[in-house]
Structure formats: structure tokens, C-alpha cells
Amino acid sequence: MTAVGGDQVAGDTYDARALQEKWQARWAKENPFAASEDPADDRPRRYVLDMFPYPSGDLHMGHAEAFAMGDVVARYRFQLGENVLHPIGWDSFGLPAENAAIKRDSHPAEWTYANIETQAESFKRYGIAFDWSRRLHTSDPEYYRWNQWLFLRFYERGLAYRKDGLVNWCPNDQTVLANEQVVQGRCERCGTEVVRRSLNQWYFRITEYADRLLDDMERLEGKWPERVLLMQRNWIGRSRGADVRFHIEGRDEPVTVFTTRPDTLFGATFFVVAADAALADELCAPEHRAEFEAYRAGVAKLTDIERQSTERTKTGVFLGRHAINPVNGERIPVWAADYVLADYGHGAIMAVPAHDQRDLDFAKAFDLPVRVVVETGEEDPDITGVATAGEGRLVNSGPLDGLTKTEAIPRIIEILAERGTGDAAVNYRLRDWLLSRQRFWGTPIPIVHCPDCGEVPVPDDQLPVRLPENLRGADLAPKGVSPLAAAADWVNTACPRCGGAALRDTDTMDTFVDSSWYYLRYCSPHTDTAPFDVEQVRRWGPIDQYVGGVEHAILHLLYSRFFTKVLYDMGLVDFTEPFTRLLNQGQVINQGKAMSKSLGNGVDLGKEIDEYGVDAVRLTVVFAGPPEEDIDWADVSPAASLRFLNRAYRVMAQAGAASEPGTDPAAGDLALRKATHQTLDKVTAAVEAQRFNVAIARVMELVTAARRAIDSGPGAADPAVREAAEVIAVTLSLVAPYVAEEGWERLGHTGSVAVGNWRTPDPALLVQESVTCVVQVASKVRDKLQVPPDISAEELERLALASEKVQGFIGERTVRKVVVREPKLVNIVVA
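Residue numbers for the sequence shown, in UniProt numbering: 1 to 831.
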């Protein structure tokens, strides 16, 4: 691209490439976006953070949107003269790098750090206002040392532990996955169908914080997207009900089930145990063993999502045992089934088929009894096949008969407690965070296994436990255990406690550990005595504005909130929520579909920038719609954005050539001055409300007004034109930094336009002398009135009804109602 655009201004051409090279060099030299660490700097502090990228290649269109949105927020704060922290780093551990190393017969670090450098240069080209002095990479030993340090602190508090459990296993990547990393039954990384296996793994005890994670969301209302809060609430899934103890014939200890509807106990006609639970294996009678073993093998191939699908035909096997219903003494058959999960509640349920659809489907499939115990006025579920889950009064329930659900639940809990067969209880859908990974490119778990001492934490002064550097290529291929297990020189070590021969733990940490606290490290990225400087975190935290994709609504945000609460309990931070405000951006799609190589609908960010320039691409993604909406690249026009930037550039250049900085605008054209100050007011409001596309639309209107004043009004030398041009430069700097910087310089200013130049509109110039009021009769526009903006509803109604045009349309009909929305609308309803 030799030149982008073609408007000539005093012999100058708007050349996007030349501007990019010029201002990149200037920014690198002057570093205008570095956060001040001076304790005497009393400017308001603002921490704006984008979710950091994974270095899987060069920046793509998704990055173009996400980081442009975050940059608008950061640049606005810079413009307001605040001390802004806007750092950048890379989430650089993970499977893609390891798989690339296997394919290339190299070390994951080679691919990772090469991609980081590529992305770093692209970010600089894209003009993002980062503080580059705080850059970090989570795969640096200087960073993951503190992952290990934090793990040990969690371990000391009983929040990190090992246990045997059923896990999600990816057969392709040969590693376990957290529940959150299974998408529609498949590995989120490679798409392979996930299976369940029993393994001994490391966990973080996030369930201990379930109530706080739920209750603290109240303070995020109105600051986080409602759908994100709903997703987190549903994922944690707090349910209140009762633990009920059922005696199983032939077993000494009762089996406890959790139910949210203990009032329906009299309707329990069978008992179901998760087929993959140890309890099912224990309860199975010998004569049913073969059938059960075959059934359980089939269940092992199913994902939790498949097992809980309401559309699957219900399957199960009778275990040859009976349970005793604790409220009526009835013997009910015990079945193993796949629709009950081993890790939900206690892995067993009481089945009330009349009032639970899954139980009813199972009962119908195996001809089990259906007993109505809540009378709702609906037809018998045994006949219709539809469970009645609504409100009603209890029937066939002994002492509960005639009670409502609200009355019956506390009463049955009292009865159970009196008999010693149950208690009030709370259950959660949330499970402890499974953090072990059987792969190489991650943080080694700092535990040594000693035959005499057991689990021994690595002492702090021996951290970091570094990854070995001699493993590469085929050494890293999935083998069902971590590749670290084959590194004998690394695995074999001395026990820190007794000095005897011991083995290092060969699992690595889930990469979500890296991203659960990185925002704290940015406050003091170079400290080498702690994960972060506590005072610096107190100075900057919590994050004022976090920006990233909604796909992280559960995965990353929940873990980050958990980490912050633990660190608060440790006295290391003084806040309990890490992200005060959250902005989710949509996706960039093409032709109505997500971009992919297989569909052939990908858009190359680099080519778009080469053709139209950075400013035009940034302007296009921000102007396309509200941040949270998807952008279809087939429906937008970077070419149109480029034409607008040419017009804006020409206005600034002509105003700069015709007048000097400091010119008093008071003597300028009043109409243009009003347009300028109203634009400032509207842009400020739109940016504060995160409606960046609306802000751009207002700037476009100002450019048109200034262009008209130059061409057919007072001309470029008018002081009002300079004022408008300066406001154009300042407001455009949020989305089009190169043309804004150049325009500011053309206007005769020194220093960056991006810092401390936001203007305050003059209230006197915001006053509107009149506004247009639309008058409708029967919802159709019949007249337009020019009225004062502060007109009363009563006066506006009187004027509307007095209009000759309006009276002509009313005619002989009766006015039934007049709806007034002063000062802009009157709607007259006639009979």
C-alpha cells in the first residue's frame, strides 16, 4: 500500500502506512501510555484490562474487535487526564504450543515465544495504548514460580488436595479436562469426544467458597452483563432442600439422598444410584452382576451432557436390592441408571415419577409405579406421560395432606429430624476445580512424593520447580501420563523433609491457574520477592474495567473470583471481587457464520490493514454496532470508514493551515460552536454508557458540519472551525489514533493528542432554543410543532389539540386519550 486515500490538502496526501510508521516510532520513544508509579501523583487512578491473548499465531479479526473496544475505554481515561494502568501480557502455557512442538520436533517455548513477538509487533501496529513496560508471559519461570508459591499457600489452607475421582478424559490430548472445558460432550481444544475415567488428581476446593461466589454477585449487578451473572449463578447451582437417609436392605449404613422436594417423599416409588458410582457396585446383588457390569461399561462411554439429556431414552438395570422409604416404610426397588451423576449430591436419588419428568420417563420405560402426591388439577401423569411439577396441595401423604408445598417442606424436615432420618441441607452444582493436567507445557505441581514422608511441599526457596529443557518433539507425545514422567533426571529427587529418594509430581497445572491472578502481577511485574507487591495492588486494584469475550463467563471469571477471595482471606488483597465492571464484546463473523478455514470465509486482519489502514479497520469494528453484538464482516465497509477518515483528516489539516492554536473560538460561527459542544456532550455520554458506535456517529455528524462551514460558510479560518477540528481530533483518538495524532499535529499542537485533552462542553451552548414535537393521531404523524425544550405536558397537549392539521384529522371523532411525552411526542387516541 503506497497510499491510502486520495484527498489532497496543501500538497499532502493521507497516507495510512506513513502515518503508522511515524507515530509508532514516536510512541515507542515517548511512551505516553505508561502508568505513573510516583507516589506523589495524585491523579485519579484507573485500571483498564483486556483479557490477555494466547499466542497461537498472529492477531486475527477477533483480536481486532476485542482490543479495539478495550482501547476505547483506556484512551478515554487517558484523555480525561487520569493515571491509567493498561498492561499487556500473554497466556502462554497450554496444549496448542505442545502439539505444535510435537509436530515440529521442537520445544514448546520456540513456537510460543516466536508467536508472542509476532503478536507484540502487530499490537504496536494496531495502535493499542498499552504500558509495554509491564509485559509478562505466564510461561516464564519468573511468573510460574508464583503459581507454585500460591499452590503451596492453598495447600497449607486445605484448599489444594488429591483424591480419586471420575474425570473427563480426552483420548486425543491424553489429559483430563475440567467440566468447564467440555463443550457439548467434546474437548474444547481438539473437539474429540470426551470419556469418563477414574484417576487420582489434584483439586482446588472451590466449593468451600460457593456461597460467597454466589452472594457477592449482588454487588456486580448493573456492572456486569446480566447473562454472565445468570450463567455463573446457574453453574454454581445452589439448591436448598433436605438430606434424606434411606435404609438399604443388606447394608448397615443408610444411603443419603439430597432432594429439593422432600415434601414429595410419600411419592417415591423407586430408588436410583448413578451407574458409575462405587455405591452401585457395592449394592449390586450377585445374580445381577453380569448385567450391571455390561451396563456400566456402556455408561462409561457417555458424557455428563448426554446422560442428562431429556431427549435420551432412559436406561438402567435393577440391582436386586430394595430401599426402605423412611416416611412410610415401603420397600422400593434400587436401580442403577445413567441419568443420575455420581458427583451430584450423593450419587443417588429418590425417584418421584409423578412429579419429575426424568423419573417418570424411567418409570414408564420399566413399568414402575407412579403415585400422585401433589394435587395440581392436571391429568394423571401415569396416563399422560407428563409429570406435574407445579404448585398444589399434598395428597396421599399422611400428615402432609392438605398442606401447600411451602407449608409441607419445613414440616417434613421436622418429621425427618425427629426420626433421625433426615435434615435440612444445601447442595451445589459446582464441583471442586480439577487442576491436574497430564501434559508438559504448564506449571509443574510443587509436590514431592516420598515413600516415607508422603506428600511433601517443595520449600519456597527451591521455587521455581522448572520444566526440563531437554524434552522436545516425540518426547512430548501423549502417553496417558504426563511426559514429565519420562524425564528421569527431573523426576528423581531428594525428599525436602528427610533427604531420602523421592519423586516429583509429574502433573502440571491447568492453565486457568495462570489467568486466575495475572491481573495482580501487572501491578508490580518485576518484583522477585512475592507474586505481587501488596501495596501496589492496593493502589491499583480492583480492576475498574475488564474487557473480553462472553465465552469466559464461567471458565476464567469464576476461577479469578475464587482466587481473589482466597487472597483476601490471606490478607494479600483488600477487595473480594477482582473486576468492578465487565464488558463483553461479540464475535466477528462472515456471511452469517463463524469464520473457519473449512468454510473458506476467513478474513485476514493483516490484509485488511494493508488495504485500508489500521484506523479504518478499528473504526469499522467499533462503529459496526454495540460492543456485545456480533459483527458480520460481509455487512460492514472499511472502505466507507476510510472515506470518512479522509474527510476528517482534511478538516483538521485545513483548519490547522488557516489558524493558530489558542485562537479564541467565542467569535466564531455560533451554529458550528453549538454543534461542536453538543457533539462533545453526546460523545461523552455515549462513551460512558459503552455505546461506542453512537459516539462515532456523533463525531461523523460534526465532521459534516465542519466541512459545510469550510465549504459554504465562514471558511477554514473561522475560530469555530478550529474548535470543531480540535474536538474531532480528540474524540477520534479513541478509535483512530494515527489520523488523530497527525491531525492534532497539523493543528499546531505538540505532544500527544491522546493524553489529557478531553474538553468539557459549555452548558450555554447546549441549550436548544426549540425542539421538534411529532403529533400523531391514531399512531400516524399528522403535524410537527416547534416548541421550547422545557415545555410542560399540559401546554404541549393544548398546542397539539389546537393544530388545524390535527383538528382536520380528528374531525367528528371523539378524543379518548392523549399520550404526551414532552417535549417530542404527542399521540392522540380517537374513537
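Note that beta-carbon positions come from the ideal geometry of N, C-alpha and C, so glycine has one too.
Taking the beta strand (DSSP E) that residue i belongs to, which residues open and close that run?
| i | result |
| --- | --- |
| T772 | 771–777 |
| K565 | Segment 555–569 is the alpha helix (DSSP H) holding K565; no beta strand (DSSP E) there. |
| N200 | 195–204 |
| V176 | 175–177 |
For residue i, which residues does DSSP report across the bridge?
| i | result |
| --- | --- |
| M350 | F271 |
| F246 | V255 |
| M509 | S436 |
| Q20 | Paired residue(s): none; Q20 is not in a bridge. |
| C450 | G454 |
| S239 | N427 |
| V819 | N827 |
| A323 | I248, I332 |
| I543 | F579 |
| Y47 | L85 |
| D164 | N200 |
| A502 | T493 |
| P444 | T508 |
| N590 | K593 |
What's the call for residue i, buried or exposed, on a 16-neighbour Cβ count within 10 Å?
| i | result |
| --- | --- |
| V426 | exposed |
| R816 | exposed |
| N328 | exposed |
| E535 | exposed |
| E819 | Here the sequence assigns Val to residue 819, which means Glu is not the residue at that position. Classification of V819: exposed, given that the 10 Å Cβ count is below 16. |
| N646 | buried |
| V687 | buried |
| M1 | Interpretation of M1 is limited by its pLDDT of 33, a score under 50 that renders its predicted location unreliable; the figure taken from the coordinates is listed afterwards. That one is exposed. |
| H526 | exposed |
| T313 | exposed |
| N590 | buried |
| N234 | exposed |
| K682 | buried |
| P626 | exposed |
| N83 | buried |
| C190 | exposed |
| C450 | buried |
| R219 | exposed |
| N115 | buried |
| D31 | The sequence shown places Asn at residue 31, rather than the Asp named in the question. Exposed: under 16 other Cβ atoms inside 10 Å. |
| P444 | buried |
Starting from residue i and walking both ways along the alpha helix (DSSP H), at which residues does that stretch end?
| i | result |
| --- | --- |
| T679 | 670–688 |
| A363 | 357–366 |
| S36 | Where S36 is concerned, there is no enclosing alpha helix (DSSP H), given that its DSSP letter is neither H nor E. |
| Y126 | 108–126 |
| N99 | 95–104 |
| K780 | That residue, K780, is in no alpha helix (DSSP H); its beta strand (DSSP E) goes 780–787. |
| W146 | 141–156 |
| N693 | 692–712 |
| L136 | Here L136 belongs to no alpha helix (DSSP H); instead the beta strand (DSSP E) covers 131–137. |
| L213 | 210–215 |
| F809 | 804–810 |
| E65 | 61–79 |
| Y518 | 518–521 |
Hey, would you say residue i sits closer than 8 Å to residue j, going by beta carbons?
| i | j | result |
| --- | --- | --- |
| F258 | H346 | yes |
| A120 | W111 | no |
| A351 | D276 | no |
| W90 | P141 | no |
| A178 | L434 | yes |
| residue 856 | I728 | The chain is shown from 1 up to 831; residue 856 falls before or after that span and cannot be answered. |
| D432 | R205 | yes |
| I791 | E741 | no |
| Y47 | D461 | no |
| G743 | Y612 | no |
| Q24 | P446 | no |
| V183 | V273 | no |
| V826 | A800 | yes |
| G390 | T376 | yes |
Sorry if obvious, but does the Cβ on residue i come closer than 7 Å to a heavy atom of the ligand ADP?
| i | result |
| --- | --- |
| V614 | For the structure depicted, the ligand ADP is absent and the ligand set is empty, with no information on it obtainable. |
Of all the CB atoms in chain B, is at least one closer than 8 Å to the CB of residue i?
| i | result |
| --- | --- |
| V458 | Of the chains in the structure shown, none is chain B; there is only one protein chain. |
Starting from the N-terminal side, write out each stretch of the alpha helix (DSSP H) that is 4 residues or longer and does not extend beyond the region 719–776. Within the region 719–776, the runs of alpha helix (DSSP H) that reach at least 4 residues and sit entirely inside it are, in chain order, 719–732, 737–746.
For the region 603–679, which segments carrying the alpha helix (DSSP H) assignment without a break, of at least 4 residues, lie completely within its bounds, in sequence order? Runs found: 605–612, 614–623, 638–658.
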